[in-house]
Structure formats: C-alpha cells, structure tokens
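First comes the structure, then the notes that go with it.
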C-alpha cells in the first residue's frame, strides 16, 4: 500500500486530465471552475510527486511528455471507474439490493435473459447486475453472488444446482450443404469445421461417438464463444457443433439446418452456483427459486 504522500488527490487527477485533454491550463480551469493558478499548482504538485514532467511547451504550445501520455491513460481509467461507481450507486434507492450474476455470454443471452422477464415486478427491490464470464471465477473471487457455468457441478466452497444437460449437433446454413446428400459424417470436414475455443475436443468426440475419425477434427476457424460460432455458421463459413438448445430459434426459422442427424450428449452440464455461506441470503434464495420455477415451467 502506498503511503498517503504518494496518493494524489482526486482534484489533482481531474486537473491533469482536463489540461491533457484541452492542452490548455486556461480551458481546463474554465471547465473545472478553478483559477488557472490553482490548476497549475495541482499539476505541479503531481509532477513533484511522480518525479516526472507531465507537460512541456513547444513553440508556445503545450504538449504531453511520454511520461504524461502514459500517466494519462491510467488516470482516465481511474476517473472512469469512479464515475461508473458513483452512477452505479446513485441508480438504486435506499431499499434496493444488488444481485450480481455471472454467466457465459451465449448462455446468458439465449437461455437466461428470456427467463428474467417478470423478475423486476416480483422483486422490485432486488436489482440484477449481469456480467459475462466464461468461467465461474467471479464467484470464487467474491465478485458475484450467483454464477452460471458449464461443468461437472463441483466448485470449491459453492453450492451447485444442476439445471440441465446438452446435446451437441452439427449445424450450418442451408446454402452450405451440397446438392448431393452426404453419405458419411466425415464429409462435414470438407465443408469446414468451425471450432469453439472452449470446447477444443468437441468435433473429435462427436466423430468418435459415431465410430469415425477425421484428420480435420481440430482444424478450422476458431471462435471464443458459441454466439460467434452461430453467426459464422449462419454466414456460411462452415459447420458448427453447438448445443441444440442454443440454436432452436435458428433451426425453427430455417436459418440453420442439422448437417448430420446425430446428437452427442455432453458428459458435463449447466449449473447455477452460489457460495455456501450465501445459501440463506434472501436475494440469493429468491433468485435460485426463480430459476428453478422457470425450469419446472418448461
């Protein structure tokens, strides 16, 4: 931890950022409703603390030094975070609780969000804060209250509620399939196999479940999320191996078709998790019950 003498004031950071943005002490002082002398003093004290010049004059014009440019990038992050945190707190009433929920991006957009309709009316004092998280790291680091994840249902220090399994199916745009029907699943590799970075073994396991083997199981464009794979498949980039529940809409609308009628049941499943010590927390319990009720309704 830095000592107090090495921690600049918020006023100093604001003065520096304003001067750097305008490249003018005069305009910065007008924006901040301070005297030019006060702004100059704040920047000078900052330079003394950092032991680096932040500005220099070249032909009577103000310029950032290399150290100033480096510091500006960091200061803007700090000021932006402070502003966001302030707005975050101001957006809630005194009786409102915040429930922080982490979810894989495609799962959150396709499965979770449609099931949140009506939550606000039933629980007006529990504000949901959803964030994307491919792994349940936020829960382990206490940055969220609820985490959805795909796995085996074991998470240190957490209660895990099994939601459902999945079936992986190969899908593509109708325009990708050849006029002559495929007679062997390994022919899909000729259409380009779209890879998902989170499931590197998926195609290999799918072929293996059919008693087949393809030299191209691991070859093809690689995407970070299922959503990107879905879009790539729709665009005709190749064949994607995806959880069927994530593409039901596209299949129903004919935007995607099953490239080969075989589904592979994944060994893992989807889970909702929360810290063991939070099991009795009302907002957590309310959300778990809401999700379980939505499963019973489908």
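Numbering (full-length UniProt numbering), first residue to last: 1 to 298. All residues carry an ideal CB built from backbone N, CA and C; glycine is no exception.
Closest Cα partner of residue 73 within the set 115, 25, 16, 107: Counting from one through the chain shown, the residue named residue 73 turns up at place 73. Nearest of 115, 25, 16, 107 to residue 73, Cα basis: 16.
Neighbourhood of residue 192 by C-beta, 6 Å cutoff - its chain only, sequence neighbours within 5 removed: Within the chain shown, numbered from 1, the residue matching residue 192 stands at position 192. Correct list, in chain order: 220, 238.
Nearest-angstrom Cα separation, counted from residue 180 out to residue 228: Locating residue 228 in the chain shown gives position 228, where the first residue counts as 1. Locating residue 180 in the chain shown gives position 180, where the first residue counts as 1. A straight-line Cα-Cα distance of about 28 Å links residue 228 and residue 180.
Collapsed DSSP secondary structure at residue 158 in the structure displayed: Looking up residue 158 in the chain shown gives position 158. Of the three classes helix, strand and coil, the one that applies to residue 158 here is strand, per DSSP.
Proximity below 8 Å, CB of residue 135 to CB of residue 149: Looking up residue 135 in the chain shown gives position 135. Looking up residue 149 in the chain shown gives position 149. Yes; because the gap between Cβ atoms is below 8 Å, this pair is in contact.
8 Å CB neighbourhood of residue 22 in its chain, flanking five on each side removed: Taking the first residue of the chain shown as position 1, residue 22 is located at position 22. Closer than 8 Å at the Cβ level, and outside the excluded window around residue 22, lie 28, 31.
Residue 241 - partner residues in DSSP beta bridges: As a position in the chain shown, residue 241 is number 241, starting the count at 1. The partner list for residue 241 (beta bridge, DSSP) reads 170.
Own chain residues within Cβ distance below 8 Å of residue 184, not counting five before or after: Within the chain shown, numbered from 1, the residue matching residue 184 stands at position 184. Hits under 8 Å: 212.
Exposure label - residue 168; buried when at least 16 CB within 10 Å: Residue numbering aside, residue 168 sits at position 168 when the chain shown is read from its first letter. It is buried - the Cβ of residue 168 has at least 16 other Cβ atoms within 10 Å.
Bridge partners - residue 151, DSSP secondary structure assignment: Reading the chain shown from its first residue, position 151 is the one you call residue 151. As computed with DSSP, residue 151 is found in a beta bridge with 269.
Enclosing alpha helix (DSSP H) for residue 36 [first to last residue]: As a first step, residue 36 is located in the chain shown; it is residue number 36 there, counting from the start. Run containing residue 36: 36-50, per the alpha helix (DSSP H) assignment.
Three CB pairs or more closer than 8 Å across the segment 149-165 and the segment 257-271: Flag = yes, the segment 149-165 and the segment 257-271 touch.
Residue 217 - DSSP class collapsed to helix/strand/coil: Position 217 of the chain shown, counted from the first residue, corresponds to residue 217. Of the three classes helix, strand and coil, the one that applies to residue 217 here is coil, per DSSP.
Outcome for residue 166 when other beta-carbon atoms lying within 10 angstroms are tallied against a minimum of 16: Start at 1 with the first residue of the chain shown, and residue 166 comes out as number 166. Counting other Cβ atoms within 10 Å of its Cβ, residue 166 reaches 16 or more and is therefore classed as buried.
Inter-residue spacing [alpha-carbon to alpha-carbon] between residue 249 and residue 111: Walking along the chain shown from the start, residue 249 turns up at place 249. Walking along the chain shown from the start, residue 111 turns up at place 111. Computed Cα separation, rounded: 11 Å.
Within 8 Å, strictly: CB atoms of residue 303 and residue 257: There is no way to answer for residue 303, as the model of the chain reaches only from 1 to 298.
Bounding residues of the alpha helix (DSSP H) (the contiguous stretch that carries residue 60): Counting from one through the chain shown, the residue named residue 60 turns up at place 60. Looking at the DSSP string, residue 60 is not in any alpha helix (DSSP H), and its letter there is neither H nor E.
Bounding residues of the beta strand (DSSP E) (the contiguous stretch that carries residue 103): Mapped onto the chain shown, residue 103 falls at position 103. Per DSSP, the unbroken beta strand (DSSP E) holding residue 103 starts and ends at 97-103.
For residue 127, three-class secondary structure by DSSP: As a first step, residue 127 is located in the chain shown; it is residue number 127 there, counting from the start. Strand, per DSSP.
N-terminal and C-terminal residue of the alpha helix (DSSP H) that residue 234 is part of: Locating residue 234 in the chain shown gives position 234, where the first residue counts as 1. First-last of the alpha helix (DSSP H) with residue 234: 226-234.
Simplified DSSP assignment, three categories, for residue 264: On the chain shown, residue 264 is found 264 positions in, with the first residue counted as 1. Residue state, collapsed to three classes: strand.
Beta bridge counterpart(s) of residue 78 as assigned by DSSP: Working through the chain shown from its first residue, we reach residue 78 at position 78. Bridge partners of residue 78 according to DSSP: none are assigned.
Reduced DSSP category for residue 209 - H, G, I as helix; E, B as strand; rest coil: Position 209 of the chain shown, counted from the start, is the residue given in the question as residue 209. Residue state, collapsed to three classes: helix.
For residue 222, the residue or residues it bridges with in DSSP: Walking along the chain shown from the start, residue 222 turns up at place 222. According to DSSP, residue 222 bridges with 195.
Nearest to residue 80 (by Cα), restricted to the options 13, 236, 203: Walking along the chain shown from the start, residue 80 turns up at place 80. From the listed residues 13, 236, 203, the smallest Cα separation to residue 80 is found for 13.
Three-state class that DSSP yields for residue 72 in the structure shown: For the purposes of this step, residue 72 is identified with residue 72 of the chain shown, where counting begins at 1. In this structure, residue 72 counts as helix in the three-state DSSP scheme.
Residue 39 and residue 54 closer than 8 Å at C-beta: What you label residue 39 is simply residue 39 of the chain shown in a count that begins at 1. What you label residue 54 is simply residue 54 of the chain shown in a count that begins at 1. In this structure, the beta-carbon distance from residue 39 to residue 54 does not fall below 8 Å.
Endpoints, the alpha helix (DSSP H) within which residue 300 is located: Because the chain is modelled from 1 through 298, residue 300 falls outside the range shown and cannot be assessed.
Residue of 233, 224, 240 minimising C-alpha distance to residue 203: For this step, residue 203 is matched to residue 203 along the chain shown. For residue 203, the nearest C-alpha among the options comes from 240.
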